[in-house]
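Everything in the sequence shown is counted per UniProt numbering, starting at 1 for the first residue and increasing by one.
Notes to accompany the following structure.
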Amino acid sequence: MLAVVTLVLLTACATGPRVHTDTDPQADFSHYRTYGFYQPLAMEQSGYSSYLSDQLKTSIRREMDARGYRFDAASPDLKVNFQGVIRERTDVYQVPRSDVRFFYSYRARSYVGFPVWYDETRISQYTEGTLTVDLVDAAKNRLVWTGDAIGRVTQKTAQQRAVAADQAISAIFAKYPYRAGSGAPSMPATHR
Numbered sequence: 001m002l003a004v005v006t007l008v009l010l011t012a013c014a015t016g017p018r019v020h021t022d023t024d025p026q027a028d029f030s031h032y033r034t035y036g037f038y039q040p041l042a043m044e045q046s047g048y049s050s051y052l053s054d055q056l057k058t059s060i061r062r063e064m065d066a067r068g069y070r071f072d073a074a075s076p077d078l079k080v081n082f083q084g085v086i087r088e089r090t091d092v093y094q095v096p097r098s099d100v101r102f103f104y105s106y107r108a109r110s111y112v113g114f115p116v117w118y119d120e121t122r123i124s125q126y127t128e129g130t131l132t133v134d135l136v137d138a139a140k141n142r143l144v145w146t147g148d149a150i151g152r153v154t155q156k157t158a159q160q161r162a163v164a165a166d167q168a169i170s171a172i173f174a175k176y177p178y179r180a181g182s183g184a185p186s187m188p189a190t191h192r
């Protein structure tokens with residue numbers, strides 16, 4: 001449950017989380033007009049829903065509705081699933097440094113400075129979260145589209161967590177190029 005709660009703490013630099021998407025090239029998106037949520041959701045494997053999963057459902061419904069899809073819990077064309085994964089990460093990098101070293105010169109009878117250049121190794125540990133949204137063809141039970149938002153996780157208030165979750169869902173669906181009943185992408189899909 002901790003992974004679920006901290007998932008929405010996704011934050012990266014000012015540009016937001018990194019988003020990657022993938023589409024099944026054999027999927028015919030012109031057949032999809034309705035959607036519902038996968039049961040049970042990957043994020044609710046513990047058997048109960050949470051405030052966070054409800055928040056994510058609301059954000060996903062907003063994005064799907066904006067693309068012309070109609071919610072149908074009983075018999076959807078697409079089933080939406082989502083989950084979060086938290087990982088501890090370590091970055092090791094080198095920073096060029098310079099310094100001045102002093103030594104006493106008996107010949108000059110004073111301290112003499114000389115420059116020194118070296119690389120300083122720095123280690124940065126952080127928590128990275130990944131939020132994944134899957135769209136599954138309900139008739140074939142086959143994944144047709146997936147999107148991931150990946151970013152750093154930080155401690156935030158409940159209000160900031162809600163905003164971060166909403167931003168992550170918006171970033172993922174910004175890469176979803178289809179509208180309900182349309183087989184052709186309505187915007188160029190950029191897969192990264």
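For each residue, glycine too, the CB sits at the ideal point set by N, CA and C.
Quantities reported herein were computed from a predicted structural model and do not represent experimental measurements.
Taking the Cβ atom as the reference point for each residue, do residue i and residue j lie within a distance shorter than 8 Å?
| i | j | result |
| --- | --- | --- |
| Asp22 | Thr146 | yes |
| Ile60 | Thr90 | no |
| Ala180 | Gly16 | no |
| Ala171 | Asp77 | no |
| Ala165 | Leu56 | yes |
| Val163 | Gly129 | no |
| Gln125 | Glu88 | yes |
So which of the options has the shortest CA-CA distance to residue i?
| i | options | result |
| --- | --- | --- |
| Trp117 | Arg97, Tyr32, Tyr48, Ala180 | Arg97 |
| Phe114 | Glu120, Phe102, Ala73 | Phe102 |
| Gln94 | Thr121, Phe71, Asp72 | Thr121 |
| Gly183 | Val19, Arg109, Asp24 | Asp24 |
| His20 | Ser186, Lys175, Pro185 | Lys175 |
| Asp72 | Ser110, Phe37, Phe173, Arg18 | Phe37 |
| Met43 | Ile86, Gln26, Ala66 | Ile86 |
If you measure from the CB of residue i, is any heavy atom of the ligand PLP nearer than 7 Å?
| i | result |
| --- | --- |
| Met43 | The ligand PLP is absent from the structure shown, which contains no ligands of any kind. |
State buried or exposed for residue i, treating a residue as buried only when at least 16 other CB atoms are found within 10 Å of its CB.
| i | result |
| --- | --- |
| Glu63 | buried |
| Lys140 | exposed |
| Tyr48 | exposed |
| Arg109 | exposed |
| Ser161 | Before going on, a small fix: residue 161 reads as Arg here, not Ser. When all chains shown are included, Arg161 counts as buried. |
| Val100 | exposed |
| Met168 | The amino acid occupying residue 168 in the given sequence is Ala; Met does not appear at that position. Per the 10 Å Cβ criterion, buried. |
| Ser186 | exposed |
| Val92 | exposed |
| Tyr178 | buried |
| Val144 | buried |
| Ser53 | buried |
**Asked** Is it true that the stretch 133-147 meets the stretch 72-87, where meeting means three or more beta-carbon pairs spaced less than 8 Å apart?
**Response** When C-beta atoms of the stretch 133-147 are compared with those of the stretch 72-87, three or more pairs fall below 8 Å, so the two segments count as touching.
**Asked** Should the stretch 148-157 be called in touch with the stretch 29-39, which here means at least 3 C-beta pairs below 8 Å?
**Response** In short, these stretches do not touch, since the Cβ pair count stays below three.
**Message:** Just to confirm the assignment: which complete beta strand (DSSP E) runs, minimum length 3, are found wholly within the stretch 133-165?
**Reply:** Taken in chain order, the unbroken stretches of beta strand (DSSP E) that lie wholly in the stretch 133-165 and span 3 residues or more are 142-153.
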